[in-house]
Amino acid sequence: MGNNNDNTIQFDVLKNKKDLTKAILSEVYDSLKEKGYNPINQLVGYIISGDPTYITNYNGARALVRKLERDEILEEVLKSYLNVK
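Below is the structure:
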């Protein structure tokens with residue numbers, strides 16, 4: 030008894046999107062690095078062209094990155110770079 034579930038948990042869509050984007054990009058980055066690629070160059074190639082073959086299939090990285098929209102990736106990267114919310 031005494032279940033203390035009186036507090037409401039708030040769901041922040043923007044924070045969760047940012048966290049998901051960061052987690053996926055980190056995993057993709059690590060997979061590219063492990064395979065000997067320059068991860069930044071490969072990710073930039075993917076973001077600019079939309080061609081998923083810039084991303085390795087290793088560890089499911091290609092499928093992971095395709096879960097994100099390229100414009101959303103770019104938005105999060107720019108926000109991070111410019112330190113804005």
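If you want my numbering, it's the position in the sequence shown, counting the first as 1, plus 29. Ideal Cβ positions, reconstructed from N, Cα and C, are used throughout, including at glycine. Here the structure is a predicted model, which is why all the values come from computation and not from measurement.
The continuous alpha helix (DSSP H) containing Ile69 extends over residues Pro68 to Ser78.
Counting only residues of its own chain and dropping the five nearest sequence neighbours on each side, Arg95 has a CB closer than 7 Å to the CB of Pro81.
Across the set Lys47, Thr85 and Gly65, the C-alpha of Lys47 shows the shortest separation from the C-alpha of Asp100. By the CB criterion at 9 Å, Tyr87 and Ser55 fall outside the cutoff.
Rounded to whole angstroms, the Cβ separation of Ile76 and Ile102 is 6 Å, and the two are in contact under 8 Å.
In this structure, Thr85 is the residue among Thr85, Leu49 and Ala92 with its C-alpha nearest to the C-alpha of Glu63.
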